[in-house]
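Presented below is the structure to which this report refers.
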Amino acid sequence: MSKPRVFVTRVIPSAGLDRVLHACEADVWHGHLPPSHEILLEKASRCEGVLSLLTDKIDAALMDACPRLRVVSNYAVGFNNIDVDAATARGICVGNTPGVLTDATADIAFALLIAAARRVVEGHAYTLSGKWKTWEPMGHIGQDLQGKTLGIVGMGRIGYALAKRCVGGWGMKVLYNDLHRNDAAEDDLGAERVDLNRLLAESDFVSLHANLTDGTRGMFNAETFRKMKRTAVFVNTARGPLVDETALAEALHDGVIFAAGVDVTDPEPPHADNPLLKLHNCIIAPHIASATVHTRTAMSDIAADNLILGIEGKPLRHWVNPDVAAHRRKA
Ligand code: DGY
C-alpha cells in the first residue's frame, strides 16, 4: 500500500521528522527561508497532510486548492497562521504543540524583563563601542525588580509560569487581566484579576501573553502605553501584531514608558526602517522563545503525532478543532 503524501514546510528536529519520514511519503522543504505561498500551495495540493510553521499562511484559498488535505499540523502552539474556521468547515483537522514550550517561553519573557529593566543589552553595546572608560556613579541606571508589581495580560500557561518566576525570584505582586479566572494563579501566587486599566496603571512590568485574534490585534497602542507608568517595562513574547509598533516606538522614544523587550514583531523580521530598531531602550529577540533543544524536540514529536494521527483518522494529540471530528475528511 502506498504511503500518504505529506508536505513538511521546513526541516524540524529528527525526533519528529524521522517518524514522519517513516510513516509517510514526505516532501520536506530544505530551504533556510519558508516556501513561497505559491510553492506551498502547489506542494500541498497533492498532499493529505501538511506539517506547517507559523510562517506558513494556511488560508481558505489554499485549502480549496487541496482536495485531499485532511490534517494541518502546526509546529507551534500559536495557530494564527491557519484559518481554523475554514479548516473546520472543510473537514480538515488542525493540530498544535501546547504545553511543551511553556517554560522556555516564560524564561525568555523573564530574560527580556530583567535585561530591559537593567539595560543589559544597551550596556553590552556600550562596552563593544569602546565608550566604557570608568565605573560610572550616575550611568546605566535601571529599574528595580524586588517587590515590584507584575501585570500579566493573558494568564494562561505561559503567563502563569512567568508570574511564578517573578513571585519566587523577586517577591513580586501579580495583577492579571484575562477573560477567565485563573484559580492556580490566585491560589498559588496570590494573583489578583483586575481590569486592564488598573493593571496598566499599577504595574511596574507588563507582560503580554494573549492570543492573536481579530479582537486582540493592536490591543497595545498609544492609549494603552499612556496609561502605564513612566518607569514601566513592557514585554511581548506572544505575537507582534498584538502591538501597534509605531505607538510603542513613540512611547519608548518620548519616555512614556521606560523600556521594552520583545521576542516578536510585525512583520518578522522587522523592516530595516522600523523605528524600534533605533531605540536604545528596546530589546528585540528574533522569535526565539521556544528555541531550546528539549522544547523543539518535544514540539517536533507532538507535531509528528498530530500529522500521523490525523492521516490515520484518529483523534489528534493536541487538537485545535476537535469539533471537526464528526465530519472530518476521509481518505
Ligand atoms: C509558538 O509555538 O507559537 C511560538 O511562537 C514559536 O514556537
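Counting in my numbering, the sequence shown runs from 973 upward without gaps.
Ideal Cβ placement from N, Cα and C applies to all residues, glycine included.
A straight line joining the alpha-carbon of Val1139 with that of Ala1133 spans about 10 Å. Closest in alpha carbon position to Phe1051, among Thr1069, Leu1005, Ser1008, is Thr1069.
Measuring C-alpha to C-alpha distances from Met1144 to each of Asp1167, Asp1150, Leu1085 identifies Leu1085 as the nearest. Distance from the C-beta of Met1271 to the nearest heavy atom of the ligand DGY is below 8 Å. Distances from the CB of His1181 to the heavy atoms of the ligand DGY are all 8 Å or more.
Beta-bridge partners assigned by DSSP to Glu1164: Leu1147. In this structure, Val1236 keeps its C-beta atom at 9 Å or more from the C-beta atom of His1266. Using a C-beta cut-off of 8 Å, the region 1169 to 1179 makes contact with the region 1201 to 1210, since at least three inter-stretch Cβ pairs fall below that distance. Residue burial is scored here from C-beta neighbours: Lys1136 has at least 16 other C-beta atoms within 10 angstroms and is therefore classed as buried.
Ile1064 is not a Cβ neighbour of Arg1268, given a cutoff of 9 Å. Residue side-chain check: Ala1261 places its Cβ nearer than 8 Å to a non-hydrogen atom of the ligand DGY.
In the DSSP assignment, Cys1038 falls outside any alpha helix (DSSP H) and carries neither an H nor an E. Trp1291 is bridged by DSSP to Gly1067.
For Val1066, the distance from the CB to the nearest heavy atom of the ligand DGY is not below 8 Å. By the neighbour-count criterion, in which 16 or more other beta carbons inside 10 Å mark a residue as buried, Ile1283 falls on the buried side. The beta carbon of Ala1257 sits no closer than 8 Å to any heavy atom of the ligand DGY. The residue from Ala1016, Arg1018, His1112 with its alpha-carbon nearest to that of Asn1253 is His1112.
Inclusion of Thr1069 in the 8 Å shell around the ligand DGY follows from its C-beta lying nearer than that to a non-hydrogen atom of the ligand. Taking C-alpha positions only, Pro1247 is separated from Ala1303 by approximately 50 Å.
Straight across, the Cα-Cα distance linking Glu1195 with Leu1249 is about 22 Å. The region 1192 to 1279 contains, as complete beta strand (DSSP E) runs of 3+ residues, the segments 1205 to 1208, 1231 to 1234, 1254 to 1256 (chain order). Around the beta carbon of Asn1293, 16 or more other beta carbons sit within 10 angstroms, so the residue counts as buried. Distance from the Cα of Arg982 is smallest, within the candidate group Glu1222, Ala998, Lys975, Ser974, for Ala998. Take the alpha-carbon of His1002 and the one of Val992: they are about 15 Å apart.
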